[in-house]
Amino acid sequence: MKPSDVQAWFAARGWRPFGFQREVWVAVAKGQSGLLHATTGAGKTYALWFGALLALSDVAGGRRRSRAKAEAPDAATVAAPLQVLWITPMRALAADTLRALQLPLESLAPHWQAGARSGDTSSAERSAQDKRLPTALVTTPESLSLMLSRADAKEQLRSVRLVVVDEWHELMGNKRGVQVQLALARLKRWRPDLVVWGMSATLGNLDEALRTLLGPGAEGGVLVRGETPKELIVDTLLPGRSERFPWGGHLGVTMLPQVVEEIAASSTTLVFTNTRSQAEIWYSALLDARPDWAGEIALHHGSLDRAVREWVELALKKGSLRAVVCTSSLDLGVDFLPVERVLQIGSAKGIARLLQRAGRSGHAPGRPSRITLVPTHSIEIIEGAAARAAIAAGQIEARQTPHQPLDVLVQHLVTVALGGGFTPEALYDEVRSTAAYASLPADTWQWCLDFVARGGPSLVAYPDYKRVVPDAEGVWRVPDARLARRHRMNIGTIVSDASISVQYLSGGRIGSVEESFVARLKPGDCFLFGGRLLELVRIHDMTALVRRASGQRPAVPRWGGGRMAFTSTLGDAVVQQLARAGAGVFDSPELQSLRPLLELQRQWSALPSHEHLLAESLQTREGWHLFVYPFAGRPVHLGLASLLAWRIAQHEPRTFSIAFNDYGFELLSAVEVDWATLLPRTLHGATDAQALLHEVLASLNASELARRRFREIARVSGLIFQGYPGEKRSNRQLQASSSLFYEVFRKYDPGNRLLAQAEQELLAQELEIGRLQASLERMNAQQLVMRRIERPTPFSFPLMVELFREKLTNEKLGDRIARMVAQLEKAAGGSMGAGHVDEVRKSLVFGAQGAN
DNA sequence: GACCTGCTGCGGTGTG
19 MKPSDVQAWF
29 AARGWRPFGF
39 QREVWVAVAK
49 GQSGLLHATT
59 GAGKTYALWF
69 GALLALSDVA
79 GGRRRSRAKA
89 EAPDAATVAA
99 PLQVLWITPM
109 RALAADTLRA
119 LQLPLESLAP
129 HWQAGARSGD
139 TSSAERSAQD
149 KRLPTALVTT
159 PESLSLMLSR
169 ADAKEQLRSV
179 RLVVVDEWHE
189 LMGNKRGVQV
199 QLALARLKRW
209 RPDLVVWGMS
219 ATLGNLDEAL
229 RTLLGPGAEG
239 GVLVRGETPK
249 ELIVDTLLPG
259 RSERFPWGGH
269 LGVTMLPQVV
279 EEIAASSTTL
289 VFTNTRSQAE
299 IWYSALLDAR
309 PDWAGEIALH
319 HGSLDRAVRE
329 WVELALKKGS
339 LRAVVCTSSL
349 DLGVDFLPVE
359 RVLQIGSAKG
369 IARLLQRAGR
379 SGHAPGRPSR
389 ITLVPTHSIE
399 IIEGAAARAA
409 IAAGQIEARQ
419 TPHQPLDVLV
429 QHLVTVALGG
439 GFTPEALYDE
449 VRSTAAYASL
459 PADTWQWCLD
469 FVARGGPSLV
479 AYPDYKRVVP
489 DAEGVWRVPD
499 ARLARRHRMN
509 IGTIVSDASI
519 SVQYLSGGRI
529 GSVEESFVAR
539 LKPGDCFLFG
549 GRLLELVRIH
559 DMTALVRRAS
569 GQRPAVPRWG
579 GGRMAFTSTL
589 GDAVVQQLAR
599 AGAGVFDSPE
609 LQSLRPLLEL
619 QRQWSALPSH
629 EHLLAESLQT
639 REGWHLFVYP
649 FAGRPVHLGL
659 ASLLAWRIAQ
669 HEPRTFSIAF
679 NDYGFELLSA
689 VEVDWATLLP
699 RTLHGATDAQ
709 ALLHEVLASL
719 NASELARRRF
729 REIARVSGLI
739 FQGYPGEKRS
749 NRQLQASSSL
759 FYEVFRKYDP
769 GNRLLAQAEQ
779 ELLAQELEIG
789 RLQASLERMN
799 AQQLVMRRIE
809 RPTPFSFPLM
819 VELFREKLTN
829 EKLGDRIARM
839 VAQLEKAAGG
849 SMGAGHVDEV
859 RKSLVFGAQG
869 AN
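In the working numbering, the protein residues as written are 19 to 870.
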């Protein structure tokens, strides 16, 4: 490709690459791969430019068109093979990217239009799409994987010479990113000079992001850092009188008047909340406060029907909305939107997420990005100051690729077997060229092969699990068309919760809610959803039929969903601010606002710092409380609390209640405990990784938790068939069958590596064992400041009121399970579903209390 | 006096 071609093409469109853009362009022209770090606010400028380049790789390629005309290739007339793949994590981004590029390319993933719209595309249209792919294709990791499963995958894809992975930071830390790694390895095998570029937002480990994208063995990847970030403002909406501000809570509606004021003063505002129900509550609170805003404000979250969300996005784009209350659903994909202000209700939970959300505002050149934090309780006020300090110091969270997830690998093996077949030696090498599987041991590889060949020892009798077998030439293929179809319907790594759709009697779809939430409602009950008060009429065919209602105080749906992790980067930054306050420095609006409260905390107890670990003991009529504040986030605190309770109970039978939040945890004993002597002794237990692992697993109901993790693994590895699309059946069955596999493997195939994976994922992701260990080590190094307090302090109060208390008993496990089952039976009305762990835990707690 | 949460993302049927 010649530079002059590219330049001519750009010039014809008035685009002039400059600075780092030129850097990328030169690298691509040289055939180098790399990662472009796009800073806050720069957004799709890169994409525009870059996308144009992509199209050019065709213009400048073998089939050069008239340079004088400098026209983009036209899908209708060009029969060039697929040359450019653009991978994006969201279908909506695919459409946006295309619009922005203004390219007349046929560019959606195969069958995508059909699936996303009405599902009635004729077979003729589809097979036409199948026969000839466009020159450049914007697609998703899942669609790419599907393409790899086609018998002619190699013919279709070997012509690809450039792959762009957009929003790589979104993908690299999860299994979708692993799927991308595997697909890239495939493409590179067919075309060793393949050029791969990623685009990423700010991350703490850009170099690692680059290596993860290109594979550990790849040489000469280029990391291009975009321009220095544009101006970024992080500020806090301070409560009028902070001493009257709630010490606990998370909804933050006491801040409603100020938020209304802010919205009124801006053209367009995004109001981010942390949960879907919180978004519902805030939306209706805003409307209550300003009924005249009806039609000017909207709601956007992942459980709303796609059509509803598209309407909101469109209205945002047109600039016809004053505000949208949303969840992470608008984290991505609003680069072209005219958003002036971003409010964040409650903790942003991490610096990277805060930056991401701040970047939604001020997209016009020269305009600063600004995010305003709206605290929901007292200590949260400090996070604004903490975030500013962390950003200034360049402390941003890192992301790591999952380590050898075998479920994804097993799925990939079947995919590749379908896509022309494989020979084990060659594929083993290919797989090890990815970051995720670079050190995959040979015996693990053999296990995976065996698993797709016969399902392992316990499933040998089932033909459904003989998915891949070597043919006479030693090429491994899928022998059965039915299994092939089944597999294609199972491709992907996203496993969703059980939900049922919500629809008006008259037919309009509103969205979906948790099965378990609706199960608790009776016909006639009201709930708030989609910003409207709805009355449940009846449930039919996995659909909740509703009508508009008025008056009644409604329930707000609770969705399952993940818990957003409070990162250690933000936790450390918060401790640092507290330490400043401890040293008498109140040099930010946040610290000043919080001064009375922090001084109260210091007076009644103490303030923590990096050198000092604060713990408090308190005696109330409920018993002997211990509060500890490592500021390490909920999962770590759950682990620490369970671990301490377990260690103590090793010496004498004891029962503790446990509570935790992002800042600390509490242990409560009904009988006298001398925490001041017990805590230091207990802290200094094992901290080496192996022993700790053993202790943590023992201290928690680990097998129950692992069982839940296993559901996703069973789905991704293809053990479970989800049923046909549109088939209306309960996800309960999915859960039940994954439980069954879990039990069968434990009993008849304990060496099954998917079991080990479930345990490993549980430890790594849900319990954050690495952070737990680090926290424990740090706590051991810190000086313990143990304070006996007379009354709840600002720090301890929220913990005291935590509803979610977990009892750890060292009574016989059998009794415990019997009671748990009895409770569940009662709760489920006789039919024992496999249940959500939270429910299991809760019933465990209530059961234990009931027995006492 | 204070409280009661938990995100996002994708894909697939058939047979003339």
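C-beta atoms are modelled at their ideal positions from N, C-alpha and C, and glycine is treated no differently.
Because the structure is a prediction, the values reported are computed rather than measured.
- Distance from the Cα of Val178 is smallest, within the candidate group Leu588, Val278, Leu212, Asp515, for Leu212.
- Taking a C-beta distance under 9 Å as the contact criterion, Thr287 and Ala341 qualify as a contact pair.
- By alpha-carbon distance to Leu155, the top candidate from Val278, Thr705, Lys172, Ala112 is Ala112.
- Within the same chain, Thr394, His395 come within 7 Å of Gly267 by CB-CB distance, once the 5 residues on both sides are set aside.
- Inclusion of Val242 and Val42 in the CB contact set at 9 Å is warranted, their separation being smaller than that value.
- Annotated as proximal: Leu802 and Leu697, with beta-carbon spacing under 9 Å.
- DSSP places Ser163 within a helical segment (H, G or I) once states are collapsed to three.
- Looking at the DSSP output, Glu553 shares a beta bridge with Cys544, Arg565.
- Sequence-distant Cβ neighbours of Gly235 in its own chain, meaning closer than 7 Å and more than five residues away, are Ser451.
- Close CB contacts of Trp265 within its chain, under the 7 Å cut and outside five residues either way in sequence, are with His395, Ser396, Pro812, Phe815, Pro816 (chain order).
- Leu546 and Ala567 have their C-alpha atoms roughly 10 Å apart.
- The DSSP assignment places 324–336, 369–376 as complete runs of the alpha helix (DSSP H) inside the stretch 317–399, in order along the chain (cut-off: 4 residues).
- Three or more pairs of CB atoms, one per stretch, sit closer than 8 Å, so the stretch 314–324 contacts the stretch 527–534.
- The criterion of a C-beta distance shorter than 9 Å is satisfied by Ala776 and Phe728.
- Rounded to the nearest angstrom, the gap between the Cα atoms of Glu188 and Pro107 is 7 Å.
- Secondary structure note for Met818: its alpha helix (DSSP H) is the uninterrupted segment 814–819.
- The C-alpha of Gly589 lies about 5 Å from the C-alpha of Phe649.
- In the DSSP annotation of this structure, the continuous segment of the beta strand (DSSP E) that includes Tyr522 starts and ends at 517–522.
- With a cutoff of 9 Å on beta-carbon distance, Leu723 and Glu784 are scored as near each other.
- In this structure, Pro423 lies away from Lys172, with their beta-carbon atoms at least 9 Å apart.
- Here Gln619 is buried: its Cβ has 16 or more other Cβ atoms, across all protein chains shown, within 10 Å.
- Less than 9 Å separates the beta-carbon of Gly364 from that of Gly270.
- Taking Asn770 as the centre and dropping the five residues before and after it, the same chain places the C-beta of Gly474, Phe763 closer than 7 Å to its C-beta, in chain order.
- Here Gln50 carries a coil assignment [DSSP, helix/strand/coil].
- In the displayed model, Ala720 falls within a helix according to three-state DSSP.
- Within the same chain, no Cβ atom closer than 6 Å to the Cβ of Leu711 is found once the five residues on either side in sequence are excluded.
- Per the C-alpha coordinates, the member of Leu458, Ala416, Pro459 positioned closest to Asp225 is Ala416.
- Secondary structure of Ser635 (DSSP, three-state): strand.
- Checking the DSSP bridge columns, you'll see Glu532 partnered with Ser517.
- In the structure shown, His430 adopts helical secondary structure according to DSSP, grouped into three states.
- Inter-residue distance for Ile315 and Leu339 is about 6 Å (C-alpha atoms, whole angstroms).
- Between Leu658 and Ser793, the C-beta gap is smaller than 9 Å, which places the two residues in contact.
- Counting along the chain, Leu228 sits inside the alpha helix (DSSP H) bounded by residues 224–232.
- Where Trp104 is concerned, the enclosing beta strand (DSSP E) starts and stops at 102–105.
- Within the same chain, Cβ atoms closer than 7 Å to the Cβ of Val432 are found at Val470, Arg485, Val486, Val496, His505, Gly736, the five residues on either side in sequence being excluded.
- With contacts defined by Cβ atoms closer than 9 Å, Met217 and Leu361 do not form a contacting pair.
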